[in-house]
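A.B. asks: Counted from 1, the sequence shown has number 5 at position 6 by numbering that gives the first Met the number 0; the numbering is strictly sequential.
For glycine and all other residues, C-beta sits at the position ideal for the given N, C-alpha and C.
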Amino acid sequence: MQPWSIDIRLFRQSCSKAIVPFPHRAFGGIRALARAAGRSMLARIVIVGAGPTGTALSYLLARRGIEVVLLERETDFDRLFRGEGMMPCGIDALAQMGLRQHLEWLPSRRLDRWEFYFDGVPFLVQPEPDRERPNCVRIVSQPHLLRALVEEARRFPSFRFEPGTTVRDFSPQADGGVVVRADTRAGPREFGADLLIGADGRSSVVRKRASIPLEPQPLGYDVVWWSLPLPSWLRAEAVFYAFASSSTTEAAGAYPSWDGRLRLGWLIPKGTYRSRRTQPPETWLDAVADLMTPDLGEHIRRHREEPSSPLLFDVQMARCSSWSAPGVLLLGDAAHPMSPIRAQGINMGLRDALVAANHLVPAIQAGGGRTRLEAATRRIEEERMPEIARSQELQVASSKPPPPLRSPAVRRFVLPVLGRLGLTRRIWLHGERPLRYGAVPVRLTV
Numbered sequence: 000m001q002p003w004s005i006d007i008r009l010f011r012q013s014c015s016k017a018i019v020p021f022p023h024r025a026f027g028g029i030r031a032l033a034r035a036a037g038r039s040m041l042a043r044i045v046i047v048g049a050g051p052t053g054t055a056l057s058y059l060l061a062r063r064g065i066e067v068v069l070l071e072r073e074t075d076f077d078r079l080f081r082g083e084g085m086m087p088c089g090i091d092a093l094a095q096m097g098l099r100q101h102l103e104w105l106p107s108r109r110l111d112r113w114e115f116y117f118d119g120v121p122f123l124v125q126p127e128p129d130r131e132r133p134n135c136v137r138i139v140s141q142p143h144l145l146r147a148l149v150e151e152a153r154r155f156p157s158f159r160f161e162p163g164t165t166v167r168d169f170s171p172q173a174d175g176g177v178v179v180r181a182d183t184r185a186g187p188r189e190f191g192a193d194l195l196i197g198a199d200g201r202s203s204v205v206r207k208r209a210s211i212p213l214e215p216q217p218l219g220y221d222v223v224w225w226s227l228p229l230p231s232w233l234r235a236e237a238v239f240y241a242f243a244s245s246s247t248t249e250a251a252g253a254y255p256s257w258d259g260r261l262r263l264g265w266l267i268p269k270g271t272y273r274s275r276r277t278q279p280p281e282t283w284l285d286a287v288a289d290l291m292t293p294d295l296g297e298h299i300r301r302h303r304e305e306p307s308s309p310l311l312f313d314v315q316m317a318r319c320s321s322w323s324a325p326g327v328l329l330l331g332d333a334a335h336p337m338s339p340i341r342a343q344g345i346n347m348g349l350r351d352a353l354v355a356a357n358h359l360v361p362a363i364q365a366g367g368g369r370t371r372l373e374a375a376t377r378r379i380e381e382e383r384m385p386e387i388a389r390s391q392e393l394q395v396a397s398s399k400p401p402p403p404l405r406s407p408a409v410r411r412f413v414l415p416v417l418g419r420l421g422l423t424r425r426i427w428l429h430g431e432r433p434l435r436y437g438a439v440p441v442r443l444t445v
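1) In chain order, which beta strand (DSSP E) runs of at least 3 residues are fully inside the segment 146-185?
2) If you compare alpha carbons, which of G219, Q391, A333 is closest to L465?
3) Relative to the alpha-carbon of P494, which residue among L60, Y272, G176, N357 has its alpha-carbon at the smallest distance?
4) Leaving out five residues on either side along the sequence, give the residues of the same chain with a beta carbon under 6 Å from the beta carbon of N346.
5) Could you give the first and the last residue of the continuous beta strand (DSSP E) run that contains V120?
6) Quick one, are the C-beta atoms of A198 and L330 less than 8 Å apart?
7) Quick check on DSSP: helix, strand or coil for S107?
8) Beta-carbon within less than 6 Å of L194's beta-carbon, same chain only, minus the 5 sequence neighbours each way: which residues are those?
9) Does I90 come out as helix, strand or coil in the three-state DSSP assignment?
10) If I measure Cβ to Cβ from L59 and keep anything under 7 Å in the same chain, skipping five residues before and after, which residues do I get?
11) Any idea if I29 is buried or exposed, counting beta-carbon neighbours within 10 angstroms, 16 or more meaning buried?
12) May I ask which residues mark the beginning and end of the alpha helix (DSSP H) holding D446?
13) List the whole-angstrom C-beta distance separating R262 from A253, where the pair is believed to meet the contact cut-off of C-beta under 8 Å.
14) Could you please give the first and the last residue of the uninterrupted alpha helix (DSSP H) stretch that includes A243?
15) Can the beta-carbon of S338 be found closer than 8 Å to that of L218?
16) Mark E305 as exposed unless 16 or more other C-beta atoms lie within 10 angstroms of its C-beta, in which case mark it buried.
17) Of the choices A324, V445, T292, whose alpha-carbon is the least far from that of V120?
18) Can you tell me whether DSSP reads I340 as helix, strand or coil?
19) Please report how far the alpha carbon of A36 lies from the alpha carbon of I363, in whole angstroms.
20) Any idea if R11 is buried or exposed, counting beta-carbon neighbours within 10 angstroms, 16 or more meaning buried?
21) Return the chain-ordered ranges of every beta strand (DSSP E) run that is complete within the segment 318-375 and spans a minimum of 3 residues.
22) Given this structure, state the Cα-to-Cα distance separating H335 from M316, to the nearest angstrom.
23) Considering only DSSP beta bridges, list what R188 is partnered with.
24) Could you tell me whether the Cβ atoms of V395 and Q216 are closer together than 8 Å?
25) Drop a sphere of 10 angstroms on the beta-carbon of P453, count the other beta-carbons inside from all chains shown, and report buried for 16 or more, exposed for fewer.
26) Per the contact definition of three or more C-beta pairs closer than 8 Å, is the segment 232-245 in contact with the segment 103-115?
27) Considering L422, what are the terminal residues of the alpha helix (DSSP H) in which it resides?
28) Roughly how many whole angstroms lie between the Cα atoms of D221 and F76?
29) Leaving out five residues on either side along the sequence, give the residues of the same chain with a beta carbon under 6 Å from the beta carbon of L233.
30) Rounded to whole angstroms, what's the CA-CA distance from S203 to D174? Just pull it up for me.
31) Could you name the residues of the same chain whose beta carbon sits closer than 7 Å to that of Q343, not counting the 5 residues immediately before and after it, in chain order?
32) Going by Cα to Cα distance, which pick from I299, I196, G200, V179 is closest to F190?
33) Express the C-alpha separation of D91 and R99 in angstroms, rounding to a whole number.
34) Here's a check: name, in chain order, each residue in its chain whose Cβ is nearer than 6 Å to the Cβ of R72, leaving out the five neighbours to either side.
35) What is the rounded straight-line gap between the Cα of G84 and the Cα of I138?
36) If you check the beta carbons only, do W265 and V223 fall under 8 Å apart?
Now the structure itself:
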């Protein structure tokens, strides 16, 4: 039996247990209101969204004895596709939580090499810089990671998990708290809290209900994802491939995923997916194969009857100028949706959780209340905003060549020369540093 199969069984068993109410400690009007309603649950913190940010922060708060309820719309974590790339800064965040050991048994693959091609010619072939280090880049099963984080949080009696719960709206209260109204598997329910944290992703309900505007950043592409059987030569060595061409605005990527399949990403101009849906997936795969090296292209054509269902990822990159409203804090993709370029989503979300815990734990342990919690949410935003802004700037820069190389003809001839001189390697490593290790230091202090 694989170790992660045990984890899945435990997760499903624990989800089937009856919900046990929190021990109640009076702390203001929210407590009194919730006690008056038999369908209410009480918590100091309610977190909406059991992604990397929500599960990690739930664990960090619960282990400090803070009452936290985690609400998740889905009943399990087996969504068709979730981000898989973990950079050293994300792995370091897990290590600071004391949870790095999970990466040794979660389904994952360490990357060994990066290869970048333009018009079929390699301009950068680079061994993974951190491949001999514990925090090397990994392709990780996010569903298994989320299950592991929830199970860690379950060790503490102050944590409750409510899967299958859809948040409808919430009401700020006069004492600074919030009442959240949601549909649970047991029917409508209210959750009272000192603070509501929206970690519910790019389409955040909490953000919309709080009327916090999202400011989009410039991007012009979407990504279509598939998977195919893995080529035999990638079973022993994990290579990340990226391909571009002078004859099209499209691009493609491929890598061996944690599940033993070849993951394919096709970057297409934003808004063009609808017109392409009339074409069979085999036609799309041929277009991707044309961008790739002969061996990968041949493999794709040989297996073009075996792809998983294509999944469109509507790429958004944006951030809120303010992450908070009365009684509400946004974190992760709810506050700053990231592009899939350079695998920042999981990593920034975990680092958000560290910083949020640093400020929320002492504020709550000091007695909470509106003044302390509002000050804490402001400090979280102030501390995280510079790294998020820098990471998004680098994602935009990575998605298009610098001005001197924007002509396809120039790129076709210049990139191989720069590669032979070793300049592309130096430029790539320089741009990688803040995305790998973080643009600012983040240390867990609670």
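C.D. replies: In short:
1) Contiguous beta strand (DSSP E) elements confined to the segment 146-185 occur at 158-162, 165-171, 177-183, taking only those with 3 or more residues.
2) Summary: the structure shown does not reach residue 465, with the chain confined to residues 0 through 445, and so no result is reported for it.
3) Because the chain in this structure spans residues 0 to 445, residue 494 falls outside the shown range and cannot be described.
4) M86, C88, G89
5) It spans 120-126 - the beta strand (DSSP E) in which V120 sits, taken as one unbroken run.
6) Closer than 8 Å, so yes.
7) Strand, per DSSP.
8) So the qualifying residues of the chain are I44, L372.
9) In the three-state reduction of the DSSP assignment, I90 falls in the helix class.
10) M96, A352, A356
11) Per-residue confidence for I29 stands at a pLDDT of 42, beneath the threshold of 50, marking its modelled position as unreliable; the derived number appears in the next sentence. It is buried - the Cβ of I29 has at least 16 other Cβ atoms within 10 Å.
12) Because the chain is modelled from 0 through 445, residue 446 falls outside the range shown and cannot be assessed.
13) 7 Å
14) Counting along the chain, A243 falls outside any alpha helix (DSSP H), though it belongs to the beta strand (DSSP E) covering 238-243.
15) yes
16) exposed
17) The candidate whose alpha carbon is nearest that of V120 is T292.
18) coil
19) Because A36 sits at a pLDDT of 41, beneath the cut-off of 50, its placement in the model cannot be relied upon, and the following sentence gives the value as read from the coordinates. A36 and I363: Cα-Cα distance of roughly 25 Å.
20) Model confidence at R11 stands at a pLDDT of 35, short of 50, so the residue's coordinates are unreliable and nothing is read from them.
21) 327-329
22) 7 Å
23) A181
24) Yes. Within cutoff.
25) Summary: the structure shown does not reach residue 453, with the chain confined to residues 0 through 445, and so no result is reported for it.
26) With a cut-off of 8 Å, the segment 232-245 and the segment 103-115 count as touching, because enough Cβ pairs lie within range.
27) 422-436
28) Roughly 24 Å between the two C-alpha positions.
29) P255
30) 25 Å
31) M337, S390, Q394, L434
32) Closest option to F190, Cα to Cα, is V179.
33) 8 Å
34) Around R72: T165.
35) In a straight line, the C-alpha of G84 is about 5 Å away from that of I138.
36) yes
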